[in-house]
Structure formats: structure tokens, C-alpha cells
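As C-alpha cells, the structure follows; a few thoughts come after it.
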Amino acid sequence: VETKGIKQSPLYFRKSELIQDWERLHPNEELPKVEVSELFSVLLEMLKPGGTDEDLKTLVLVPPRESETKAKECTRAGGKEEPFRLGERNLVL
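With positions in the sequence shown counted from 1, the corresponding number in the numbering used here is that position plus 659.
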């Protein structure tokens with residue numbers, strides 16, 4: 660997908676939301692081929708040293724619609740506690 664001259668490869672977490680967005684933005688166009696992948700394999704490829712997958716350079720994560728609401732709920736519940744501090748939490752793959 661190209662937006663304002665910039666190539667983007669959106670990664671949706673829900674196929675139904677991808678289809679809804681496509682139909683809203685391109686009402687008279689047929690849905691292009693949809694590729695499905697496991698999130699874990701995408702993360703591994705992103706972390707691979709010297710990776711050559713060009714699509715990862717343009718990858719844009721599209722969160723599920725209710726994620727913003729859930730994030731706000733977590734922030735309210737956490738009060739003044741920081742939700743994340745760099746170096747204090749680790750992702751183990």
C-alpha cells in the first residue's frame with residue numbers, strides 16, 4: 660500500500676478489520692491477495708541480525724480497534740506508575 664508516496668506494509672491482527680478498512684478506503688476495488696503469517700515468525704525475522712526481508716522495512720502494525728481503549732484503561736488503573744521503563748522488561752523469544 661502506498662500512502663502519500665510512502666510504501667507501507669500493514670500487518671493487521673484481525674483479517675476482518677483488514678477487510679473492513681479496505682472496503683472503506685477502496686469501495687470500488689477488489690481486495691488484493693491477503694497473506695497470513697504467524698506473529699512469532701514475523702518477530703523472529705525482525706530480530707534476525709542482517710535480515711534481508713525488505714517488507715519488514717515498511718511494516719506498519721495495525722492494532723485491533725479496542726486496543727486504544729484497553730491501553731487507556733490500563734493507564735488509569737496504573738495511576739502514576741510508568742507503564743514501561745526501558746531495560747526493566749525483557750522479551751524472550
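Beta carbons are placed, not taken as given, at the ideal position from N, Cα and C, and that holds for glycine.
Residue i - containing beta strand (DSSP E), residue span
{"i": "V719", "result": "718-721"}
Residue i (DSSP reduced to helix, strand or coil)
{"i": "T711", "result": "coil"}
{"i": "S668", "result": "strand"}
{"i": "E661", "result": "strand"}
{"i": "K731", "result": "helix"}
{"i": "G737", "result": "helix"}
Beta-carbon proximity check, residue i vs residue j, cutoff 9 Å
{"i": "V719", "j": "S668", "result": "yes"}
{"i": "I678", "j": "L670", "result": "no"}
{"i": "R683", "j": "P723", "result": "no"}
{"i": "I665", "j": "T734", "result": "no"}
Same chain, Cβ closer than 8 Å to residue i, neighbours up to 5 away in sequence not counted
{"i": "E732", "result": "none"}
{"i": "E704", "result": "G710, D712, L715"}
{"i": "E661", "result": "Q667"}
Endpoints, alpha helix (DSSP H) assigned at residue i
{"i": "V701", "result": "698-706"}
{"i": "E676", "result": "674-684"}
Same chain, Cβ closer than 6 Å to residue i, five either side skipped, listed in chain order
{"i": "G737", "result": "none"}
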